[in-house]
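Shown next, in structure tokens, is the structure this report addresses.
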Amino acid sequence: MQLNEFLILAAFLFCTGAYGVLARRNGVLVLMSIELMLNAVNINLVAFSAFTKNVSGQIFALFIITIAAAEVGVGLAIVLLIYRNLHSPDLDEVDQLKG
Amino acid sequence: MLENAWIIPTLPAVAFVAIVFFGKRSPGKGAFVGIAAVGASFVASCVAAGQWIQRVDNATGKSEGLAAFTKGVVSAGGAHAVQPVTESITWWQNGSIKFGVGTFVDGLTVMMVVVVTLISLLVQIYSTAYMRGDRRYTWYFAALSLFTASMLTLVVASNTIQLLVGWELVGVCSFMLIGHWWEEPANSRAAIKAFLTTRTGDIGLMIGIIILFFTVGSFGIGATNLYATSGHAQHAFLLAAAVCLLVAIIGKSGQFPLHTWLPDAMAGPTPVSALIHAATMVVAGVFLGARLYPVFFNGFSIGHGGVNAMALVGGVTIIIGAALAFVQTDIKKVLAYSTISQLGYMVMALGVGAWSAAVFHLFTHAFFKALLFLGAGSVSHAAGHSFDMREMGGLRKKMPITFWTFVIGSLALAGIFPLAGFWSKDEILVNAGKNGYTAFLVVGLIGAFLTAAYMTRVVYLTFFGEYRGHEHPHESERAITIPLVILGALSVGAGLVNAAPLGLEKIKDWVQPQVAFPHLNNAAFDYPKAILSVSIALAAIVIAGYYWLRRDELRAFRGLTERNALARSGYQFLVNKYYLDYLYEDIIVDGIRGAVARASYWVNQHVIDGVVNGLGSGSTRIARYTYDVIDQRVVDGAANGIALETDRAGAEVRGFQSGHVQRYALVLFGGVGLLSLALFLINIH
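Residue numbers (our numbering), protein chains in the order written: chain A, 37 to 135; chain B, 2 to 686.
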């Protein structure tokens with residue numbers, strides 16, 4: 037197998053995630069997009085690990101999955117509170133820090 | 002102990018602090034603390050004295066030490082000069098000038114610390130009985146301890162600044178103790194008078210120290226004396242310094258014309274008077290003269306003979322002090338004038354080049370004058386707290402110990418052979434004659450006559466005849482009589498320290514400095530002069546005693562002051578103390594209150610107020626200009642401008658802070674993208 041296919045897939049996933057983070061208004065979808073980006077990175081790490089026969093990349097991927105789970109926990113709690121206060125998951129309405 | 006002499010003044014100082022804070026709760030209400038501290042100090046002083054004597058004897062090639070003294074061996078001239086022991090640490094530094102604090106120990110220091118601590122110890126023991134039940138008993142002992150500590154600081158001082166500190170502290174302590182019973186307005190007035198009068202002299206000391214510093218380039222006592230004895234000393238500066246220091250001596254040691262505070266200082270408790278007159282305070286002036294003697298010796302050209310200011314002041318003081326003692330009815334005031342007169346002897350001795358005689362007289366005088374004051378206190382303690390001799394009389398049988406010790410003290414003061422006063426007074430007179438000061442020899446002899454006569458009067462009025470008071474006098478308790486007996490023994494024996502005919506010249510051997518000291522001609526003992534002075538004193542005692550015992554039969558003298566205008570005016574002149582108090586208080590002080598006050602009021606109104614008003618309106622104008630131009634335009638302009646610019650810049654960038662998370666994320670990604678592009682472009686080659 038070639039390395040390039042994996043890199044292209046990862047780049048595609050990353051770009052999709054980045055677009056979702058920047059463009060989607062729903063907080064839950066933004067979180068899901070962040071997960072996409074993280075998984076794109078995971079694909080890269082595993083691919084390079086297999087390519088270079090070095091296991092440390094896969095260990096990094098495991099760490100990232102763990103941290104992503106924690107991050108989603110915190111993120112979902114935030115989205116829940118936003119919904120409870122503003123009665124909407126729309127991130128455009130969250131502008132209390134406006135200068 | 003010579004190197005660690007700082008312990009000697011420190012002990013009473015520590016006692017002072019301890020008594021002030023814990024005195025009321027400690028045993029003896031603070032008295033024991035004070036006695037213990039000064040007792041330890043006395044022991045340390047004695048050790049120091051022993052070591053110093055050893056040091057001198059080693060240097061002169063004699064190893065017998067004290068044994069030589071008891072055997073009466075005449076010492077040969079010193080082969081090596083004995084250096085004083087100096088210890089000093091830097092107290093503070095100002096530029097390149099270091100202000101040290103330390104100890105300067107030589108024979109004079111050692112002698113002084115022994116005398117001061119001994120007298121102070123006896124006075125404190127005496128005070129436990131004399132001051133019992135006093136409302137400020139604890140504070141009294143604290144002040145006594147501080148007084149002793151100050152005097153010891155002055156005595157061991159290694160430089161003139163430290164000496165000045167001790168000197169002023171002594172003044173403050175005497176103020177506190179003279180005014181101990183300040184509820185009486187007269188007592189607090191006396192305290193203020195003593196303080197202010199001695200302050201007049203202190204100005205002389207300060208100026209003298211400054212002149213010496215700029216002449217010598219150092220505050221050190223050793224350095225000052227070395228400079229003054231070196232051949233290249235500038236005589237004009239030494240003369241100026243000597244004059245200023247003489248003013249200090251006049252103020253502190255009660256010399257004419259600033260002696261008026263001393264009799265008033267009798268307002269304090271009697272043990273304090275003993276301390277002031279015997280060991281501390283007034284001898285500080287004489288000590289200053291002895292300590293910086295080279296300055297006086299070369300400043301006043303004492304070695305060349307002729308009249309100089311120092312001898313003149315001393316001589317005048319001897320006569321006026323002694324004459325005033327005749328007309329006092331208060332026993333303590335008689336003794337006060339007697340002290341003035343005896344201090345006159347010391348200053349005169351310094352002035353005629355008889356250094357060792359002056360120091361010797363200081364030494365012996367301390368014992369018999371302390372004895373006389375404590376004896377007077379014992380009399381008054383027993384006889385209803387009165388010092389008026391008109392209410393005494395006939396106490397000889399009722400208080401024998403006080404009577405005999407008082408008589409011994411009086412005879413010693415009168416200079417009767419072989420008591421202490423004889424040896425020291427005789428040495429002053431012999432040296433005055435030898436060094437070509439014949440006029441002062443005559444003055445000294447007149448003084449000796451007067452001294453013997455007025456002491457006879459005191460003894461007669463107090464102890465002989467019928468008791469005229471209304472109390473039941475009785476002998477005092479042991480805490481009072483034991484110090485009297487000790488001082489009585491010293492008044493008899495202290496003169497043997499320097500009894501020249503017996504070959505004992507220990508003041509010259511041990512006390513007189515051997516380095517940085519002018520060459521003095523110490524006169525040999527002179528039998529005709531000694532016999533003359535003793536005969537004069539005896540004649541005075543006989544004449545005065547005859548007058549007082551046979552007063553009723555001597556019709557010619559009775560009522561002399563009523564019948565003879567000249568005698569009356571003379572008596573009035575003495576009773577009014579030469580009108581000096583009137584001069585000082587009515588003419589000088591009232592003059593200041595009157596004319597000078599008016600003049601200063603005018604100056605106040607027109608000159609000072611004008612200046613002040615001018616300054617005020619000028620300041621207002623400057624302030625207004627400052628407000629208008631600098632404050633309003635420059636400072637406020639700058640502040641407002643900065644604020645305005647910040648505000649404008651903030652408005653520019655505030656749009657950026659939208660609060661939208663996604664816009665921030667966009668900027669983040671955009672930034673990362675730009676950086677990636679930059680990285681790519683750099684690595685593209």
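Heads up, the beta-carbon is just placed ideally off N, CA and C, and yes, glycines get one too.
Quick one: residues in its chain with C-beta nearer than 7 Å to the C-beta of residue i, no 5 flanking neighbours on either side, listed in chain order?
i	result
residue 462(B)	390, 393 and 394
residue 341(B)	255, 260, 263, 318 and 322
residue 38(B)	12, 13, 15, 16 and 146
residue 4(B)	86 and 88
residue 63(A)	115, 118, 125 and 127
residue 312(B)	349, 352, 353, 438 and 441
residue 234(B)	228 and 299
residue 187(B)	268
residue 112(A)	67
residue 19(B)	34
Going along chain B, which residues have a C-beta under 8 Å from residue i?
i	result
residue 131(A)	659, 660 and 661
By Cβ distance, which residues of its chain are closer than 6 Å to residue i, with the 5 residues on each side in sequence left out?
i	result
residue 85(A)	93 and 94
residue 339(B)	326
residue 149(B)	13, 39 and 121
residue 77(B)	Interpretation of residue 77(B) is limited by its pLDDT of 40, a score under 50 that renders its predicted location unreliable; the figure taken from the coordinates is listed afterwards. For residue 77(B), where only same-chain residues beyond five positions count, there are no Cβ hits under 6 Å.
residue 481(B)	127, 130 and 379
residue 542(B)	453 and 457
residue 600(B)	none
residue 284(B)	363
Could you work out which residues of chain B lie near residue i, taking near to mean beta carbons separated by less than 7 Å?
i	result
residue 126(A)	Those do not exist, as residue 126(A) stays about 11 Å from chain B at its closest Cβ, beyond 7 Å.
Determine, using beta carbons only, whether residue i comes closer than 8 Å to chain B.
i	result
residue 57(A)	yes
residue 120(A)	no
Who does residue i pair with in a DSSP beta bridge?
i	result
residue 221(B)	160(B)
residue 94(B)	99(B)
residue 331(B)	389(B)
residue 126(A)	62(A)
residue 89(B)	103(B)
Check the Cβ of residue i against every Cβ in chain B and list those closer than 9 Å, keeping chain order.
i	result
residue 134(A)	655, 658, 659, 660 and 661
Suppose the cutoff is 8 Å on Cβ atoms and the five residues either side in sequence are ignored; what does the same chain contact list for residue i look like?
i	result
residue 157(B)	6, 7, 9, 10, 104, 105, 106, 110 and 114
residue 202(B)	248, 249, 250, 251, 252, 253, 259 and 286
Is residue i a contact residue of the ligand ZN, with contact defined as CB to any heavy atom under 7 Å?
i	result
residue 443(B)	As for the ligand ZN, it is missing from this structure, which has no ligand bound.
Could you run through the stretch 663-679 of chain B and flag, in chain order, every residue whose CB is less than 7 Å away from some CB of chain A?
If the cut-off is 7 Å between Cβ atoms, the stretch 663-679 of chain B has 663, 666, 667 and 670 near chain A.
Along the stretch 46-74 of chain A, where does the CB come closer than 7 Å to a CB of chain B? Name the residues.
54, 57 and 58
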